[in-house]
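Residue numbers (this note's numbering): 82 to 302.
Report on the following structure.
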Ligand code: SAM
């Protein structure tokens with residue numbers, strides 16, 4: 082049995098009672114960064130052993146892990162923050178487990194794009210999640226595709242590229258398209274700002290942009 086366990090995206094209170102119980106009860110916790118996750122487990126007095134599972138070793142270890150799971154070891158997969166598999170490692174292992182007939186349960190819990198989308202005030206009945214845009218090759222093609230969508234789309238972006246990204250979005254969506262920048266969700270300096278793309282660019286150009294960011298953009302009118 083493999084449990085996928087979402088962990089807080091900032092505020093340590095954002096972890097469910099069930100997530101804590103599962104992390105205590107499993108034989109092994111697979112973690113993206115064992116140092117980051119050992120702090121989380123220590124905070125909740127959970128002593129379950131940790132093993133590294135990240136973007137650089139997932140291809141190499143997925144088969145062995147699936148065999149261990151099929152043989153009866155119960156494990157939980159966590160990432161540094163939020164839900165594994167959402168712009169984080171997880172998909173390869175889940176797919177291998179599904180194919181091998183190993184039971185997978187994903188606990189409901191924190192992920193950054195849901196609070197950003199819901200708090201934005203931009204329609205959230207239908208939306209497209211695109212995660213991180215490619216940095217170079219394919220970025221323009223992706224942006225042009227997104228600009229034509231009739232419904233809301235959601236991106237993850239780094240603070241260093243936010244202003245550039247807003248400029249690129251203006252080029253394909255126009256200055257007046259409504260958008261939202263959700264920064265540092267659930268943390269001390271949380272900021273959720275909804276305005277036209279032009280106003281958002283002006284706002285974030287005027288200061289040093291810090292923290293983790295979700296960008297929500299309204300669909301093509
Ligand atoms: N697995 C995570 C999830 O379920 O949302 C996403 C992991 S991805 C490597 C990290 C990105 O998620 C950040 O660069 C940022 O775009 C977004 N993110 C994570 N925590 C956030 C927060 N507290 N506020 C805003 N965005 C956040």
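For every residue, glycine included, the Cβ atom is placed at its ideal position computed from N, Cα and C.
What separation, rounded to the nearest whole angstrom, lies between the Cα atoms of residue 252 and residue 96? One-based indexing of the chain shown puts residue 252 at position 171. One-based indexing of the chain shown puts residue 96 at position 15. Their Cα atoms are separated by approximately 39 Å.
From this set, 266, 93, 165 and 254, which residue's C-alpha is nearest residue 201's C-alpha? If you number the chain shown from 1, residue 201 lands on position 120. With distances taken between Cα atoms, residue 201 lies closest to 266.
Taking the alpha helix (DSSP H) that residue 220 falls in, what are its first and last residues? On the chain shown, position 139 is the one that residue 220 refers to. Counting along the chain, the alpha helix (DSSP H) containing residue 220 begins and ends at 220 to 228.
Measure the Cβ-Cβ separation of residue 174 and residue 143 and say whether it is below 8 Å. Taking the chain shown and counting its residues from 1, one reaches residue 174 at position 93. Taking the chain shown and counting its residues from 1, one reaches residue 143 at position 62. It is a contact, given that the beta carbons lie within the stated cut-off.
Continuous beta strand (DSSP E) stretch holding residue 184: start and end: Counting from 1 along the chain shown, the entry for residue 184 is found at position 103. Careful: residue 184 lies outside any beta strand (DSSP E) and carries neither H nor E.
Residue 117, DSSP secondary structure in three states: Taking the first residue of the chain shown as position 1, residue 117 is located at position 36. In this structure, residue 117 counts as helix in the three-state DSSP scheme.
N- and C-terminal bounds of the beta strand (DSSP E) containing residue 274: Along the chain shown, one-based indexing puts residue 274 at 193. 272 to 277 is the extent of the beta strand (DSSP E) around residue 274.
Let me check one thing: in DSSP terms, what residues is residue 263 bridge-paired to? Position 182 of the chain shown, counted from the start, is the residue given in the question as residue 263. 273 and 295, per the DSSP bridge assignment.
Go ahead and pull the three-state DSSP assignment for residue 137. Taking the chain shown and counting its residues from 1, one reaches residue 137 at position 56. Here residue 137 sits in coil by DSSP.
Mind reading off the beta-carbon distance from residue 188 to residue 87? Whole number of angstroms is fine, and I expect it under 8 Å. Counted from its first residue, the chain shown places residue 188 at position 107. Counted from its first residue, the chain shown places residue 87 at position 6. With a Cβ gap of about 6 Å, residue 188 and residue 87 count as contacting.
Can you tell me whether residue 241 sits near the ligand SAM, meaning its C-beta is under 7 Å from at least one heavy atom of the ligand? Residue numbering aside, residue 241 sits at position 160 when the chain shown is read from its first letter. It does not: the Cβ of residue 241 is nowhere closer than 7 Å to a heavy atom of the ligand SAM.
Sort 243, 181, 124 and 281 by Cα distance to residue 105 and report the nearest one. Taking the chain shown and counting its residues from 1, one reaches residue 105 at position 24. Closest in alpha carbon position to residue 105, among 243, 181, 124 and 281, is 124.
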